[in-house]
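Residue numbers (this note's numbering), protein chains in the order written: chain A, 3 to 169; chain B, 28 to 159. Glycine included, every Cβ here is placed at the ideal spot set by N, Cα and C.
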Amino acid sequence: MEKEEKQPLKKILLICSKASIEDVYAALVMGNGAVMEGIETKLFFTFFGLDAITKKTMNKLHTATTGNPGMRMPGGLPFPTILGGLPGIEAGVSAMMRKQMDDLDIPPVDEFLELITAGGGEIYACKLAMDMFKLTKEDLHDEVSDIITVGELYEMCDGPGTQIVFT
Amino acid sequence: MSSFNNDNHDNLITMTTLINTNQILNIIIMAEKTYAGVSVGVNEEGYMTDASQWTKEVGAAIATDEGIELTDKHYELIEFVRTKVGNGETLTIRGIGKSGIVNAKEFYAMFPGAPLKKATKISGVPKPSSCI
Chain A
3 MEKEEKQPLK
13 KILLICSKAS
23 IEDVYAALVM
33 GNGAVMEGIE
43 TKLFFTFFGL
53 DAITKKTMNK
63 LHTATTGNPG
73 MRMPGGLPFP
83 TILGGLPGIE
93 AGVSAMMRKQ
103 MDDLDIPPVD
113 EFLELITAGG
123 GEIYACKLAM
133 DMFKLTKEDL
143 HDEVSDIITV
153 GELYEMCDGP
163 GTQIVFT
Chain B
28 MSSFNNDNHD
38 NLITMTTLIN
48 TNQILNIIIM
58 AEKTYAGVSV
68 GVNEEGYMTD
78 ASQWTKEVGA
88 AIATDEGIEL
98 TDKHYELIEF
108 VRTKVGNGET
118 LTIRGIGKSG
128 IVNAKEFYAM
138 FPGAPLKKAT
148 KISGVPKPSS
158 CI
């Protein structure tokens with residue numbers, strides 16, 4: 003019987019296009035996890051995902067309290083959507099979520115980016131989205147390697163054992 | 028109340044069975060490996076099964092297998108890792124970066140590739156179960 007040889011993942015590209023805490027952290031945790039395993043890792047932030055690498059917004063990300071069926075009250079009771087629309091609720095819930103993550107030793111976004119680049123991971127911003135939101139390189143965190151086009155992004159994804167994940 | 032007690036009893040039996048199965052499994056998969064003239068128990072991934080069998084020489088021999096030559100800084104970090112794991116704390120790269128011994132970047136450079144896995148293997152402690 004022929005033994006199937008394992009083909010380990012060698013390179014991963016994670017694309018983050020949304021600004022909510024859960025979307026950004028999904029990309030960051032997966033990216034950092036890949037770096038920890040010695041996998042070549044690139045993170046690409048586009049559209050609202052740019053909030054995660056913009057100095058002004060990166061550590062103030064929110065989670066949606068309206069239109070989020072997964073939202074629960076502390077204790078597990080359902081969270082009425084109408085409540086989520088009240089002023090200050092989203093900010094409060096988001097602050098609570100960030101606090102809970104901090105308790106689990108999950109770093110804030112800027113520190114997470116630094117951890118990823120410390121291990122050799124690379125962070126990129128989407129050129130088109132940057133133009134759209136009128137952002138410049140100065141608005142972005144220092145750990146961002148470059149602002150690139152879609153074409154340049156695909157050039158980076160060469161070689162066997164490469165995967166692209168859109169979070 | 029009596030049914031509650033019964034439930035507890037059942038749980039206890041299940042738990043004992045589980046422990047026994049685990050012990051049997053351990054005996055089956057446990058292997059011995061000789062490092063620096065000392066025979067130590069290792070699991071199928073090469074992690075030592077008994078941290079107390081670890082000596083500096085054993086650590087150095089595992090490190091050689093991993094392609095790493097240990098320096099004083101490595102030993103300082105190994106000490107930190109062994110103490111942390113011994114205290115039952117979760118090991119994270121962030122935590123090591125804040126240990127005051129090295130920062131995260133230096134840690135990656137000292138144990139190239141998968142630093143947390145390599146550092147724990149060389150330190151003779153179980154493979155870390157941390158996601159961050």
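Three-state secondary structure assigned by DSSP to residue i
i	result
Phe107 of chain B	helix
Glu84 of chain B	helix
Lys60 of chain B	strand
Tyr135 of chain B	helix
Thr169 of chain A	coil
Thr164 of chain A	strand
Leu142 of chain A	strand
Met73 of chain A	coil
Ser126 of chain B	coil
Ala146 of chain B	helix
Val152 of chain A	helix
Ala127 of chain A	strand
Met28 of chain B	At Met28 of chain B, the pLDDT of 40 sits below 50, so the modelled position is not reliable and the matter cannot be decided from this model.
Ser66 of chain B	strand
Ser147 of chain A	strand
Ser156 of chain B	coil
Thr91 of chain B	helix
Thr119 of chain A	helix
Proximity test, Cβ basis, 9 angstroms: residue i and chain B
i	result
Gly163 of chain A	no
Ala120 of chain A	yes
Leu11 of chain A	no
Ile55 of chain A	no
Pro109 of chain A	yes
Val26 of chain A	no
Leu137 of chain A	no
Met134 of chain A	no
Arg31 of chain A	With the sequence shown as reference, residue 31 of chain A is identified as Val, and Arg is not the correct amino acid for it. At least one chain B Cβ lies under 9 angstroms of Val31 of chain A.
Residue-chain proximity (residue i, chain A), Cβ-Cβ < 9 angstroms
i	result
Lys154 of chain B	no
Ala131 of chain B	yes
Lys144 of chain B	yes
Tyr74 of chain B	no
Gly124 of chain B	yes
Arg109 of chain B	no
Ile89 of chain B	no
Gly140 of chain B	yes
Ile120 of chain B	yes
Asn33 of chain B	With a pLDDT of 49 at Asn33 of chain B, under the threshold of 50, the modelled position of that residue is not reliable, and no figure is offered here.
Contacts of residue i in chain C (Cβ-Cβ under 8 angstroms)
i	result
Leu97 of chain B	Chain labels in this structure do not include chain C; the protein chains are A and B.
Contact belief for residue i with residue j at Cβ below 8 angstroms, rounded distance in angstroms
i	j	result
Leu176 of chain A	Val167 of chain A	No answer is possible for residue 176 of chain A: the residues shown for chain A start at 3 and end at 169.
Ser147 of chain A	Ile118 of chain A	Between Ile118 of chain A and Ser147 of chain A the Cβ distance is about 11 angstroms, and since that is not below 8 angstroms, they are no contact.
Residue i Cβ short of 8 angstroms to the ligand FAD heavy atom set
i	result
Lys144 of chain B	For the ligand FAD, the structure offers nothing, since it holds no ligand at all.
Touching by the beta-carbon criterion (3+ pairs, under 8 angstroms), the stretch 50-64 of chain A and the stretch 18-31 of chain A: yes
Length at least 3, wholly inside the stretch 9-54 of chain A: the beta strand (DSSP E) runs in chain order: 13-18, 42-47
Three-pair Cβ contact test at 8 angstroms for the stretch 60-71 of chain A versus the stretch 18-25 of chain A: yes
Inter-stretch contact at 8 angstroms, needing at least 3 Cβ pairs: the stretch 66-76 of chain A / the stretch 33-43 of chain A: no
Three-pair Cβ contact test at 8 angstroms for the stretch 73-92 of chain B versus the stretch 121-137 of chain B: no
contact_flag[the stretch 150-169 of chain A, the stretch 122-132 of chain A] where n(CB pairs < 8 angstroms) is 3 or more: yes
The stretch 101-119 of chain B in contact with the stretch 146-156 of chain B per 3-pair CB rule at 8 angstroms: yes
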